[in-house]
Amino acid sequence: MTSIVSLCSHADGVPARDWQFRLPPSDPQAAGRAALTEWHAATVPGHVHTDLLAARLIADPYQEHEEAGLQWIGNAGWEYRLRFDVDAATLAHGRQQLVLDGVDTYADIWLNGVKLRSTANAFRGWRLNVRGLLKASGNVLLVQLQSPIGRMLPAVQAMPHKLQGNYPSPYGDEPRDAMTANFVRKPGYHYGWDWGPRFVTAGIWRPVRLETGDVARLAGLHVQQLEVNAERARLNVQCSLRLDRAAPLKLQLTLLDPDGRQVRSVTRMLALPAGVQREQFTLQVDRPRRWFPNGYGEAALYTLLVQVSDVNGAVLEQRRRVGLRSVELRRARDQWGRQFHFVVNGIPVFAKGANVIPFDMFPNRVSPAAMRAILKSAQAANMNMLRNWGGGYYECEQFYDIADELGLMVWQDFMFGGGVVPAYDARFRSNVLFEALQQVRRLREHACVVLWCGNNEEETAWKDWGIGAKLKAEAPEFAATVWDGYVQLFGTLLRKVVAKHGGGAGYLSSSPSNDLDGPANDSNNGDKHYWDVWAGSKPVEEYQRETPRFMSEFGLQAWPVAATIDSVIAREHQQIDSLQVRAHQKFLAGAGNDRILLYIRANYREPASFADFVYLSQVMQAEGIELASLHHRANMPRTMGSLYWQLNDVWPGASWASVDYYGRWKALQFHTRRFFAPVIVAASRDGGVTRATLVSDSQQTQIGELRIRVMDLHGRCLREEAEQHVMRPVSATRVASYCDDYLLGELSPRRHVAVFDLTVGGQLVSRSVVYFVAARELDFPEPALHAELSEQAGHVYLQLSCKALARAVWVEFEGLDVELSDNALTLLPGERRVLRIGGVGGANIADLRRCMKLRHLGAAA
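Residue 1 is where the sequence shown starts when you use the working numbering, and the numbers rise one by one after that.
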C-alpha cells in the first residue's frame with residue numbers, strides 16, 4: 001500500500017545516494033573561493049560545515065582557534081543537489097510524495113525545475129506532492145539554502161525599536177544591536193552560547209524520502225491513557241488512516257507486554273471512503289506493569305503493533321512502545337507558596353538530574369551509541385530527570401527511546417532559548433504552532449516526556465533583567481504589543497496544543513516561571529534559575545541560603561580531562577590565557593577562566609600549572625554542586641527538584657558539564673552518583689552550624705544508623721557517637737544540628753574533620769565529611785597515598801590506601817583512555833578502596849603503572 005524510497009546518502013539496505021553541494025557562483029561569499037563553486041560530494045542528512053570538512057575545504061572547526069576564520073560560512077547561501085532515478089512501480093502509484101523531515105532553514109525546494117515550496121523552519125517536516133513531476137531517469141532534486149543572517153538582518157536593522165537577542169557575535173558578522181537568532185526558527189545555539197562556538201550552519205539535517213502508494217497510509221497513532229493505576233490501565237487507541245480511494249481494509253491491534261507476550265489483540269474489518277479516517281479502540285490491561293522513573297521501580301514498556309492490510313495482502317505496519325503511567329505536575333498552595341513537583345503513579349518524585357544541551361554543534365555527527373552512553377551515565381549517576389533545554393533542537397527519536405528505557409523523565413522545552421521573540425507577528429506564531437503540533441504529536445507517546453515548557457528564560461528576561469523596562473521606556477505601545485504577543489503564544493496557544501495533543505503531559509509557560517502568575521524567578525513559587533553563584537560571583541556557600549521549590553538551573557564551570565583538551569589544543573598552547581584556550585572558553589567571550597580562578601582561590605590553592613588549574617576547576621565544580629544539591633535534597637518537600645546545569649557538552653572545552661564531549665566523566669559526575677544516591681546523609685556546615693539530614697527516595701520505611709566521628713587528619717578519632725533513626729519513605733528528616741563548639745571544642749579547625757556515616761542493614765550507604773575551614777587553610781599532612789594495580793579473572797583493579805586524609809583524589813592514566821569504576825574520592829586514614837579499571841584495550845599492568853598519575857588537594861601538581 002505504501003512504498004518508501006530513502007533519498008539519504010546512507011540508508012540500511014538502500015544504495016548510497018549521490019548528493020552534491022556547492023557555494024552558488026553568484027553568492028557574495030564566492031569571491032575568492034572559486035573551488036567552492038564547483039559541485040562536491042555531500043552527506044544527507046548533514047550540515048554544510050561537515051560537508052566542507054569532509055571535502056577538506058576547511059580545517060576542523062573544533063581545533064585550536066579555527067572557529068574565528070569560519071564565520072563566513074553562515075553568511076553564505078548553499079545549494080544541494082541530488083540526481084536520481086525511479087522504477088516503473090514507483091511511477092505507477094497514484095500517491096507520490098516527497099517527505100523532508102528537516103531542512104535548516106530558509107530554503108527553496110525544486111524538483112525537475114518546478115519549485116515545490118519555500119521553507120522557513122528547521123524544526124518542521126514537509127510532505128510535498130510530486131505526482132506528475134517524477135520521471136524514470138534523470139530526476140533532479142535541488143535545495144537552495146539562504147543564509148539565515150543575510151535573510152533576516154536587513155529587516156531587523158530596519159526595525160525602529162529592536163528586540164533584545166542572546167549572545168552577540170564576537171566576530172562582527174552582525175551588529176550587537178540587531179541580532180537575528182530570535183527571529184529565526186533554527187537551533188539558537190548555532191549562533192553561539194557561553195559554552196559553545198558560533199557556527200551558523202545550514203543543510204538538509206533530517207532524512208529525505210519518497211513515499212508512494214495507492215490505497216492507504218497510516219497517518220497517525222495515539223495511545224490515550226484514560227486511567228492507569230495498580231489495578232488496571234484503560235487505553236483509547238486512535239488510528240488515523242489516509243485513504244487514497246475507498247477500499248475494504250483489515251485493521252489489527254496487538255498489545256505485547258514488556259516480555260513480548262500478547263496481552264490483547266483486536267481485529268476490525270473496515271469499509272471506508274477516501275480521505276482521512278479515524279478509528280478508535282478501547283483496551284484494558286489488568287494489573288499493568290507500570291513505567292516508573294529511575295530509582296522508583298521498573299521502566300516497563302509495552303509494545304503496540306498496528307497492522308493494516310488490503311484484499312491483496314499488502315500490509316502497513318507500525319510499532320509503538322508505550323509506558324503506562326500517570327503523571328502530574330502538582331502546583332497546589334502550601335505553607336511556603338505554591339508547590340512544584342512531579343507525581344508519577346501517585347508517588348511524589350524528587351527530581352534529580354541535569355539540563356541537556358545538544359551533543360554536537362552538528363547533530364548528525366551524534367551516533368546513537370554515543371548518545372546512549374551519555375544517557376546511561378545519567379542513569380548510573382542516579383538521575384531520574386533531564387531538562388531538554390530550549391536553545392537547541394527537538395532531539396531525534398532515539399533520544400526519547402533511550403530515556404524511556406532508562407527511566408529518565410524528560411522536561412521538554414519548546415525551542416526558544418532566550419531573548420525576545422516576535423510573538424506579536426501572526427506569521428511567526430503560525431509557523432511556531434505548526435512546529436509545536438508536529439513535535440508534540442511526534443513525542444507524546446514517550447513515557448519519559450512529563451512536561452512541555454514554552455521557553456527558556458524569556459519571561460524572567462523581560463521582567464527581571466531590565467529588558468521589558470527598557471523597551472517600555474523607549475516605546476511603550478510597542479512594548480505592550482510585544483508582551484501581549486508573548487502572553488498569547490506562551491500563555492495560551494502553546495498551552496492549548498499541549499492540552500489537546502500532549503497525551504497528558506503538563507505545560508509550563510516558561511522556565512523559570514510561576515506560569516505567568518507574578519514574579520518569574522521566585523523562590524517560593526514555580527521553578528528557579530539561580531546564578532548569583534557563578535554569574536554573580538557570590539561564594540558557593542550562598543547555595544545553602546537559596547531554598548527554591550524546584551531548582552531547574554544552577555552551575556559551576558570546569559575544564560574537561562587532559563585527554564579531551566589534548567584533542568583540540570596542543571600541549572604547547574595549554575596556558576590559562578593563551579589564544580587557543582580562550583577560544584575554547586566561551587564564558588565572558590573567552591575571559592571565563594578568571595571566574596574559575598576566583599572560585600578556586602576562594603577555597604583552594606593557587607594552581608601550579610595548567611594541569612593543576614584543570615584539576616582544581618573540577619574539584620571546585622564537584623564540591624560546589626554537591627553542596628547545593630545536598631541542600632536541595634535536605635529541604636524536601638519544600639524543594640522537590642535539583643537539575644544542575646549541565647549534563648553534557650557540545651564540543652571539547654570549558655563548560656558547566658559533568659560529562660564531556662567524548663562521554664568522559666568529570667569529577668562532578670562521580671560526585672553526582674554519590675549525592676543523588678537513593679539514601680544519603682546530607683551533613684552541611686553553614687555559619688558555624690552543621691545540620692545532619694537523612695534523605696530517602698525509598699518507598700519503604702528504613703532504619704539507618706548515623707555514626708559521627710571527629711578525627712584529626714592522621715585518623716585519630718577523638719570523639720564518636722552513633723544513633724539509629726527511622727527514615728520515612730520519600731522524605732528528608734533533619735536529625736540534629738551541631739555547633740562547631742560541640743564538635744570541636746578546643747580542637748584546631750585546621751587539623752580536624754567530622755565524618756558522618758550512614759549505614760543501612762550493616763552496609764555503609766552514604767558519607768559526608770565536614771571541614772571547618774576552607775581547603776586552602778587545612779594543614780594537610782602528606783597522606784602517603786598508595787596505589788596498587790592487580791589483575792584477577794581477566795579484570796584489572798586498583799587498590800588505593802593512605803595513612804593520612806587524602807581529599808579529592810583523582811586517578812588518571814596519561815595517554816590511556818581507560819574507565820574507572822570510581823574517582824574523585826576522599827579517603828580516610830587507613831581506608832582502602834578498590835576500583836575496577838575498564839577499557840584498557842591492549843595495555844598491560846606495566847603500561848598502566850607507567851602512565852598512572854595521582855592528584856589530591858594536599859599537594860600541587
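Glycine is no exception: its CB is placed at the ideal position from the N, C-alpha and C atoms.
If residue i sits next to residue j, beta carbons under 8 Å apart, how far is it from one beta carbon to the other, in whole angstroms?
i: valine 263; j: leucine 255; result: 5 Å
i: serine 552; j: proline 512; result: 6 Å
i: threonine 37; j: arginine 22; result: 6 Å
i: tryptophan 291; j: alanine 447; result: 4 Å
i: serine 523; j: leucine 516; result: The Cβ separation is near 17 Å, so there is no contact.
i: alanine 899; j: proline 539; result: Not covered by the structure: residue 899. The range shown for the chain is 1 to 861.
i: alanine 505; j: leucine 451; result: 6 Å
i: valine 5; j: arginine 209; result: 6 Å
Residue i bridges to which residues according to DSSP?
i: proline 248; result: Ala271
i: threonine 282; result: Asn236
i: aspartate 686; result: Val689
i: histidine 725; result: Gly704
i: glycine 337; result: Asp334
i: glutamine 225; result: Leu235
i: isoleucine 680; result: Val695
i: serine 862; result: Residue 862 lies beyond the range of the chain shown here (1 to 861); nothing can be said about it.
i: arginine 264; result: Leu255
i: phenylalanine 342; result: Leu329 and Val349
i: tyrosine 738; result: Thr690
i: serine 617; result: According to DSSP, which records beta bridges pairwise, serine 617 is partnered with nothing at all.
Quick one, are the C-beta atoms of residue i and residue j less than 9 Å apart?
i: arginine 444; j: histidine 501; result: yes
i: asparagine 382; j: lysine 352; result: yes
i: alanine 216; j: leucine 98; result: no
i: alanine 806; j: leucine 785; result: yes
i: valine 308; j: arginine 319; result: no
i: serine 731; j: methionine 636; result: yes
i: alanine 787; j: valine 811; result: yes
i: arginine 333; j: phenylalanine 340; result: no
i: aspartate 413; j: arginine 321; result: no
i: glutamate 458; j: valine 420; result: yes
i: leucine 758; j: leucine 825; result: no
i: proline 358; j: proline 187; result: yes
i: phenylalanine 676; j: alanine 682; result: no
i: glycine 592; j: proline 170; result: no
i: tryptophan 865; j: valine 48; result: An answer regarding residue 865 cannot be provided, because it is not within the stretch 1 to 861 covered by the chain.
i: alanine 868; j: valine 432; result: This structure does not reach residue 868, given that the chain is present from 1 up to 861, and the question cannot be answered.
i: glycine 102; j: arginine 185; result: no
i: valine 770; j: serine 684; result: yes
Is residue i buried or exposed, if buried means 16 or more other CB atoms sit within 10 Å of its CB?
i: tryptophan 19; result: buried
i: glycine 13; result: Caution applies to glycine 13, whose pLDDT of 47 falls short of 50 and renders its modelled position unreliable; the model cannot decide the point.
i: tyrosine 943; result: Within the shown structure, residues of the chain are numbered from 1 to 861, placing residue 943 beyond reach of any answer.
i: asparagine 456; result: buried
i: valine 200; result: buried
i: aspartate 177; result: exposed
i: asparagine 236; result: exposed
i: cysteine 802; result: buried
i: isoleucine 845; result: exposed
i: glycine 138; result: exposed
i: methionine 870; result: The requested residue 870 is not part of the displayed model; the chain covers only 1 to 861.
i: glutamine 618; result: buried
i: lysine 135; result: exposed
i: proline 652; result: buried
i: valine 266; result: exposed
i: arginine 232; result: exposed
i: isoleucine 703; result: exposed
i: glutamine 699; result: exposed
i: glutamate 67; result: buried
i: methionine 28; result: Note on residue identity: the sequence assigns proline, not methionine, to residue 28. Proline 28 is exposed by the Cβ-count criterion.
- Query: Which ranges would you report for the beta strand (DSSP E) in the region 471-522 if only whole runs of at least 3 residues count?
  - Reply: Annotation note: the region 471-522 contains the following uninterrupted beta strand (DSSP E) runs of length 3 or greater, listed N- to C-terminal: 506-508.
- Pick out the complete alpha helix (DSSP H) segments inside the region 376-438, 4 residues or longer, and give them in chain order. Along the length of the region 376-438, whole alpha helix (DSSP H) runs at least 4 residues long occupy 397-406, reported in chain order.
- Item | Secondary structure, alpha helix (DSSP H): runs of 4+ residues fully inside the region 545-569 | The qualifying runs are 562-566.
- Item | Start-end ranges of the beta strand (DSSP E) lying completely within the region 60-134, minimum 3 residues | DSSP assignment within the region 60-134 yields the following whole beta strand (DSSP E) runs of 3 residues or more, N-terminal first: 78-84, 95-100, 106-111, 114-120 and 126-129.
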